[in-house]
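Order-wise, the sequence lines are chains A and B.
Under this note's numbering, think of the first position of the first sequence as 3, with each following residue one higher.
Under this note's numbering, think of the first position of the second sequence as 3, with each following residue one higher.
All residues carry an ideal CB built from backbone N, CA and C; glycine is no exception.
Data first, discussion second: the structure below is written as structure tokens.
2 protein chains.
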Amino acid sequence: MRNLKLKIEYDGTNYCGWQVQKGHQLKSIQEVIQKTLQRILQEKIKLIASGRTDAGVHAEGQVANFRTNSKMALEKLQRALNGLLPEDICVAEAREAAADFHSRFAAKSKAYRYTILNRKYPSALLKNAVYFYPYPLDIKIMQREVGVLLGRHNFKAFQASGSITGRTVRTIKRIRILKEGDLIRIDIEADGFLYSIVRNIVGTLIEIGRGKLSPGSLKKILLSKDRKTAGPTAPARGLCLVKVNY
Amino acid sequence: MRNLKLKIEYDGTNYCGWQVQKGHQLKSIQEVIQKTLQRILQEKIKLIASGRTDAGVHAEGQVANFRTNSKMALEKLQRALNGLLPEDICVAEAREAAADFHSRFAAKSKAYRYTILNRKYPSALLKNAVYFYPYPLDIKIMQREVGVLLGRHNFKAFQASGSITGRTVRTIKRIRILKEGDLIRIDIEADGFLYSIVRNIVGTLIEIGRGKLSPGSLKKILLSKDRKTAGPTAPARGLCLVKVNY
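Structural data, given as structure tokens:
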């Protein structure tokens, strides 16, 4: 049996997220791709991703693998997928993987990017890909503060409230805030991501950039391990899973 | 009476173009903005744009003006518009204009950008903003050829077939082809644009880059003044009105 690995790009706007959600009206990205694979390969397929993404979150480089008996050439499979998938989901790569490769367990780190549109008026062209924030943000203070998150820490303060408490220690390998014109890009690479952690960190950084939280707050919040001290969760639409590293 | 000038950004995907089209199912961008202005200002508004854009064509910097008796502050008007307009249309600027300012007649030049996604697989995230072209394009040949269009010429060969023949002499002030990763951007600034001219030039450049038309073809096509010699019309979704210069 072959184990095939897909690199997937999607616009999450019209989906309930990667995974099937019971009672949710929108389709999941996983089910749409699985059904398309089943239609092409004429066998039951179980698609395993590097991790879930929430409703409205995008991906440039989600990775998912599945086992198949099919002998179809990879290029042909990719073309068939891109021909049959809806336009807001596409397959950037299809590769053979080792028999024991597992998209989630094998992932060494993942990189997310959060994009804020920081100007007085929204963008018609970027509406689904950015969080429009009209108030001035002090990017220098945000850049200075964010360094305290680098390295191995207990990120409990940034985990979604209501999460089942588990291991909340993670290592952030890279975190960077860049301004390009009216866009602020926050890049975070970590060995694992707690539920909503990026959106909670971004929501907190925005409060700092806006002056609602004073310099030094990020460290205090991190050390408090208390979700209530952090800022609000930034909206899903600004978030994109950029890359999964193996 | 005040004469107000708006700078408008829109995603043209879900519209029949700037202007109302009889019998077209989709709304026009003009009618949506006019109705929103009328709702805010409570008077009949006639919105005059720098020029029409076709169904599916986008704008970062369309300019339109209208006359009003309202004394509403510009900032308030802009906020009200951005609050009430659908998310795929927004107002980047609202300014006072001279009493005799006319968005179309006063325009000195306009700049359009056409974006081609040139790789083997489409993009879920950019699907509405680029033309996905999967075959290799020789960008160097395209860049070398395109210079012949610079300056004052009769562009009849690139005017949409079936156009009412009028004056077809225009001046292209700037034309540039850039490659950024998998994206090819073609920027054209001219004193005026014949109907479909950018999409016809791009369609022809693609044929050249693909090797279907030999080097030197662009000059021959230009001199032929015959639409039948040029390449096909590139799709609307890759086109964006970037700026109107006054």
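Between Gly149 (chain A) and the rest of its own chain, which residues show a CB-CB distance below 8 Å, the 5 nearest in sequence each way excluded? In the first sequence, residue 149 (chain A) corresponds to position 147, counting from 1. Taking Gly149 (chain A) as the centre and dropping the five residues before and after it, the same chain places the C-beta of Ile177 closer than 8 Å to its C-beta, in chain order.
Short Cβ contact (9 Å threshold) for Ile118 (chain A) with Ile208 (chain A): Counted from its first residue, the first sequence places residue 118 (chain A) at position 116. Counted from its first residue, the first sequence places residue 208 (chain A) at position 206. Ile118 (chain A) places its beta carbon less than 9 Å from that of Ile208 (chain A).
Chain B contact for Ser125 (chain A) (CB, 9 Å cutoff): In the first sequence, counting from the first residue as 1, residue 125 (chain A) sits at position 123. Closer than 9 Å to some Cβ of chain B, the Cβ of Ser125 (chain A) qualifies, so yes.
Could you tell me the distance, in whole angstroms, from the CA atom of Asp228 (chain A) to the CA atom of Met144 (chain A)? By 1-based counting over the first sequence, the position of residue 228 (chain A) is 226. By 1-based counting over the first sequence, the position of residue 144 (chain A) is 142. Between the C-alpha atoms of Asp228 (chain A) and Met144 (chain A) there is a straight-line separation of about 21 Å.
On the three-pair Cβ rule with 8 Å, is the region 96-104 of chain A touching the region 228-246 of chain A? Under the three-pair Cβ rule at 8 Å, the region 96-104 of chain A does not count as touching the region 228-246 of chain A.
Run through chain A and tell me which residues come within less than 7 Å of Tyr114 (chain B), C-beta to C-beta. By one-based count along the second sequence, residue 114 (chain B) stands at place 112. Chain-order list of chain A residues neighbouring Tyr114 (chain B): empty, with the shortest C-beta distance near 14 Å, by a criterion of under 7 Å.
Is the shortest distance between the beta-carbon of Gln80 (chain A) and the beta-carbons of chain B less than 9 Å? Residue 80 (chain A) sits at position 78 when you count from the first residue of the first sequence. At least one chain B Cβ lies under 9 Å of Gln80 (chain A).
Going along the chain, which residues of its own chain have a beta-carbon closer than 7 Å to the beta-carbon of Thr170 (chain A), five neighbours each way excluded? Your numbering for residue 170 (chain A) matches position 168 in the first sequence. The residues are Asn156, Phe157, Lys158, Gln161 and Leu196.
Looking at C-beta atoms only, is the number of pairs between the region 179-190 of chain B and the region 113-128 of chain B that lie closer than 8 Å three or more? Yes: the two stretches touch, three or more of their Cβ pairs being nearer than 8 Å.
With DSSP as the reference, label Val171 (chain B) as helix, strand or coil. Position 169 of the second sequence holds residue 171 (chain B). It is a strand residue.
Inter-residue Cα distance where the pair is Arg81 (chain A) and Thr38 (chain A): In the first sequence, the residue the question calls residue 81 (chain A) occupies position 79. In the first sequence, the residue the question calls residue 38 (chain A) occupies position 36. Roughly 12 Å separates the two Cα atoms.
Could you name the residues of chain B that Glu286 (chain A) contacts, counting a contact when the two beta carbons are closer than 8 Å? No statement about residue 286 (chain A) is possible, as the shown extent of chain A runs from 3 to 248 and does not include it.
Could you give the first and the last residue of the continuous alpha helix (DSSP H) run that contains Thr38 (chain B)? Within the second sequence, numbered from 1, the residue matching residue 38 (chain B) stands at position 36. Where Thr38 (chain B) is concerned, the enclosing alpha helix (DSSP H) starts and stops at Ile31 to Leu43.
With a threshold of 16 other CB atoms inside 10 Å of the CB of Glu147 (chain A), please say whether the residue is buried or exposed. Counting from 1 along the first sequence, the entry for residue 147 (chain A) is found at position 145. Buried.
Are the region 4-18 of chain A and the region 42-61 of chain A in contact at 8 Å, needing three or more beta carbon pairs? With three or more CB-CB distances shorter than 8 Å, the region 4-18 of chain A counts as touching the region 42-61 of chain A.
Residue-level contact to chain A via CB, Cys18 (chain B), 9 Å cutoff: Position 16 of the second sequence holds residue 18 (chain B). No - not a single Cβ of chain A is within 9 Å of the one on Cys18 (chain B).
Sufficient close CB pairs (3 or more, under 8 Å) joining the region 118-138 of chain A to the region 73-91 of chain B: The region 118-138 of chain A is in contact with the region 73-91 of chain B.
Under 9 Å between C-beta atoms, does Tyr12 (chain A) make it to chain B? For the purposes of this step, residue 12 (chain A) is identified with residue 10 of the first sequence, where counting begins at 1. Closer than 9 Å: yes.
Just checking: is the beta-carbon of Asn120 (chain B) within a distance shorter than 9 Å of some beta-carbon in chain A? For the purposes of this step, residue 120 (chain B) is identified with residue 118 of the second sequence, where counting begins at 1. Chain A, which has no Cβ nearer than 9 Å to the Cβ of Asn120 (chain B), makes this no.
So, helix, strand or coil for Ala51 (chain A), using DSSP? Along the first sequence, read from residue 1 onward, the residue named residue 51 (chain A) stands at position 49. If DSSP states are grouped into helix, strand and coil, Ala51 (chain A) belongs with the strands.
Runs of beta strand (DSSP E) lying entirely within the region 153-238 of chain B, each at least 3 residues, in chain order: List check, beta strand (DSSP E) in window: 153-156, 171-182 and 185-192.
To be precise: take each residue of the region 46-68 of chain B, compare its Cβ to all Cβ atoms of chain A, and keep it if any distance is under 8 Å. Which residues remain? So the list reads His60 and Glu62, given in the order they occur along the chain.
For Ala75 (chain B), which of helix, strand or coil comes out of DSSP? If you number the second sequence from 1, residue 75 (chain B) lands on position 73. Ala75 (chain B) carries a coil assignment under DSSP once its states are collapsed to helix, strand and coil.
Contacts that Val93 (chain A) makes with chain B (C-beta to C-beta distance below 7 Å): Within the first sequence, numbered from 1, the residue matching residue 93 (chain A) stands at position 91. Within chain B, Tyr123 have C-beta atoms less than 7 Å from the C-beta of Val93 (chain A), given in sequence order.
Helix, strand or coil at Arg121 (chain B) according to DSSP, with G and I counted as helix: Position 119 of the second sequence, counted from the start, is the residue given in the question as residue 121 (chain B). Three-state DSSP puts Arg121 (chain B) in coil, outside helix and strand.
From A:Ile166, A:Asn71, A:Ile223 and A:Asn67, pick the residue whose C-alpha is nearest to that of Phe107 (chain A); which is it? Within the first sequence, residue 107 (chain A) is the residue found at index 105, counting from 1. The option with the nearest alpha carbon to Phe107 (chain A) is A:Asn67.
To the nearest angstrom, report how far apart Arg69 (chain A) and Glu33 (chain A) are at their CA atoms. Translated into the one-based positions of the first sequence, residue 69 (chain A) becomes position 67. Translated into the one-based positions of the first sequence, residue 33 (chain A) becomes position 31. Their backbone Cα atoms lie some 16 Å apart in a straight line.
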